[in-house]
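As structure tokens, the structure follows; a few thoughts come after it.
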Amino acid sequence: RLPDALTRAGLTGVTAETHVFSPRPRLADDFWRPQLDMSWGHRLDARPEARPAIETRIRTAFAALADAEGRVPLRAEMRVVSGVAPG
């Protein structure tokens, strides 16, 4: 576990917090595109002809989840671990 590793490394005041939130982005905003670019942009740049088909499949998959307002209900969980370094 990361908190234990930080403590063993000599950090003090180690804390771990979990944040859960439920955004409802609009499907029309292509909210997924930044993640696609961060994770796969380098590969998509090498094959630009593949991008339209991939984006269409992603958009179609999220469209199946969209509510009547055109929003996609998501659930996100983020764990933040921090500590103070000696010195």
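In terms of the working numbering, the sequence shown opens at residue 7 and continues consecutively.
Ideal Cβ placement from N, Cα and C applies to all residues, glycine included.
Cβ contact annotation for Gly-19 (same chain, cutoff 7 Å, sequence separation greater than five): Gly-89 and Val-90, in chain order.
Sorting Gly-93, Asp-73 and Pro-92 by C-alpha distance to the C-alpha of Pro-29 places Asp-73 at the top. For Ser-88, the uninterrupted beta strand (DSSP E) run begins and ends at 82-90, by DSSP. Restricting attention to Thr-66, Leu-50 and Thr-24, the CA atom closest to the CA of Ala-34 is found in Thr-66. The three-state secondary structure of Arg-77, taken from DSSP, is strand.
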